[in-house]
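Position one of the sequence shown corresponds to residue 2 (our numbering), numbered consecutively onward. Note that beta-carbon positions come from the ideal geometry of N, C-alpha and C, so glycine has one too. These figures come from a predicted structure and were not determined experimentally. Written below as structure tokens is the structure these notes are about.
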Amino acid sequence: MSFHTGVTPVRVAPSGDQIVLTVGDGTGTSTLSAERLLVATGRRSATDPLDLKAAGLETGPAGEVVVDEHQRTAHPRIWAAGEVARPEPVGLDQ
């Protein structure tokens, strides 16, 4: 198993009993081949039932809690971290 970060999928195509994935990194493309391809996408933060506005918290378009660069919310005693505070999965850009 291998992980390729910092690349963007360009093309997926079957080739016999393999899946061929072409990825780009901004400087060129490369091709990966495997029996299976796992596609994992982010998920929406499950904040709707929490009534965050009652606590004075703002939410973004994906339901995430709006935070500053130090994970502080609009409430002085509440911080938020992880997927609840980010529209993209944690670690995706790390």
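Excluding sequence positions up to five before and after Val85, its CB lies within less than 6 Å of the CB of Ser46 and Val66, all in the same chain and listed in chain order. Ala82 and His71 have their C-alpha atoms roughly 9 Å apart.
Spatial neighbours of Leu38 in its own chain (CB-CB distance under 8 Å, excluding positions within 5 residues in sequence) are listed in chain order as Val13, Ile20 and Leu22. Nearest to Pro15 by alpha-carbon distance, out of Ala56, Arg73, Glu36 and Thr60, is Glu36.
Around the beta carbon of Thr74, a 10 Å sphere encloses 16 or more other beta carbons of the protein chains shown; the residue is thus reported as buried.
Gly25 sits in a strand when the DSSP states are folded into three classes. CA-CA distance, Leu33 to Thr48, rounds to 37 Å. In this structure, the alpha-carbon of Leu58 lies about 50 Å from that of Asp18.
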